[in-house]
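To start, the structure under review is shown below, and the notes come after it.
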Amino acid sequence: MYFKVKIESKIGIKFKSIAERGEKCVESALQLADVYGSKSIRGNNFSVWGGISSFCEFDNPNALDSKIWKEVRKGEYFPKMNTKIGKSINAEIDNLNTISKIELNNIVGLDGEDSMFSSIGFNRNNKEYFGFTTWDNSGYQHQEDCIEITETEYKELFKL
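The opening position of the sequence shown corresponds to residue 8 in our numbering, with each subsequent residue numbered one higher.
This is the structure we're talking about:
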């Protein structure tokens, strides 16, 4: 299901606020990555914005201290939890702000068991509208500010 929401609407204002907070979360995570020589990150799996599940794109991954870092995916690393330094880095990661999938879903009144594992699709690359999608089997009953549209209109509106 596809929806558009006017930016100035009640839900649009909530989307704008969460997106601004989300940008700050990502910025903080990237700053932490930079401290450890990483140029990019894979975000936290249960978050829409922020957090770190792995550090990526090191200039020289072979130079990483294998006592501190473990490769969790090809070319992606995470601090080991059996060292003091690894635990310290992990504590820094844990202290990063994040926006959870549940928090984003709650803006449009979508909650339930699936909310932690699946988030609405969210687009904000339009000057008049925010867009979001839900999974078809969610039983979602859209709120007043949310206008259901076709997939074609959604793709045109958000240039997908």
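Note that beta-carbon positions come from the ideal geometry of N, C-alpha and C, so glycine has one too.
Small disclaimer: the values here were computed from a predicted structure and weren't measured.
Expected contact under 8 Å - CB spacing of residue i and residue j to nearest Å
i	j	result
Val12	Tyr136	6 Å
Gly58	Ala36	6 Å
Asp66	Gly44	7 Å
Lys74	Phe85	The pair is not a contact, with the Cβ atoms about 14 Å apart (cut-off 8 Å).
Phe139	Phe10	5 Å
Proximity below 8 Å, CB of residue i to CB of residue j
i	j	result
Asn153	Ile18	Checking the displayed sequence, the identity of residue 153 turns out to be Cys instead of Asn. Yes, Cβ-Cβ distance for Cys153 and Ile18 is below 8 Å.
Cys63	Ile48	yes
Val115	Gln148	no
Asn113	Leu164	no
Per-residue DSSP class, three states only, for residue i
i	result
Tyr9	strand
Thr159	helix
Ile59	coil
Ile25	helix
Lys31	helix
Lys46	strand
Residue-chain proximity (residue i, chain B), Cβ-Cβ < 8 Å
i	result
Glu27	In the structure shown, chain B cannot be found, because there is only a single protein chain.
Exercise for review: Within the stretch 69 to 119, note down every full beta strand (DSSP E) run reaching 3 residues or more, in order along the chain.
Suggested key: 76 to 80, 83 to 86 and 105 to 107
Point to revise | Cβ contact check for the stretch 37 to 47 and the stretch 96 to 103: 3 or more pairs under 8 Å | key: yes
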